[in-house]
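Reviewing the structure listed below.
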Amino acid sequence: MVLSSVLASLALGDAAIAQASGPIGAADVVGEWSLLVTPAPDSENRITFKGKDGNERLNFPLRITAQPRGRLACVLDGESADCRIRNGDLIVGYSGGGVRLIYTLTDRARDGFRGSAAMRVRLLPVGGRIGDVRMVRR
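So the sequence shown is residues -20 to -1, 1 to 118, counted in mature numbering (1 follows the signal peptide of the UniProt record, and there is no 0).
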């Protein structure tokens, strides 16, 4: 009973942080981050994430810097990535090997932000949500 009360209060605490802080802005995201990916469970397909070194992993370094006119510049795992704030969400996009990965950070959390990961395959009607993502300070 005590454990369930503690868990409920932690969940409510995160919800309060998200509601009290408002939409995500450019000033909120500038800095050194890690993207932590949790693949969605899928019985038919196995999605793997590989770093530019070729090793499978779920933690990618992300550097976000402010640019003129409120724009952002991103470097994800040592490679240039598209990033922007749209409707209070941070969207980070990375393309490689005919696949585009899109990380959409929509909610604030105690340690940063959280959201979803999606994939699109160029020239094919393949893609969709592939998991969850958290963005935490390094």
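The beta carbon of each residue, even a glycine, is placed where N, CA and C say it ideally should be.
Note that the coordinates shown come from a computational prediction; the quantities given were computed from them, not determined experimentally.
Three-way DSSP call (helix, strand, coil) for residue i in this model
i           : result
residue 49  : helix
residue 8   : helix
residue 36  : strand
residue 118 : coil
residue 103 : coil
residue 112 : strand
residue 22  : coil
residue 90  : coil
residue 69  : strand
residue 28  : coil
residue 3   : coil
Neighbourhood of residue i by C-beta, 8 angstroms cutoff - its chain only, sequence neighbours within 5 removed
i          : result
residue 36 : 28, 29 and 30
residue 69 : 3, 4, 84, 85, 86 and 95
Residue i and residue j closer than 8 angstroms at C-beta
i           : j          : result
residue 72  : residue 56 : yes
residue 117 : residue 11 : yes
residue 66  : residue 54 : no
residue 6   : residue 58 : no
Residue closest to residue i, alpha-carbon to alpha-carbon, out of the options
i           : options           : result
residue 114 : 75, 14, 53 and 21 : 14
residue 101 : 85, 76 and 94     : 76
residue 45  : 34, 9, 22 and 21  : 9
Close beta carbons around residue i, own chain, < 7 angstroms, minus the five adjacent residues each side
i           : result
residue 64  : 52 and 71
residue 107 : 98, 99, 100 and 101
Neighbourhood of residue i by C-beta distance below 6 angstroms, restricted to the same chain and skipping five residues each side
i          : result
residue 82 : 73 and 98
residue 16 : 39 and 114
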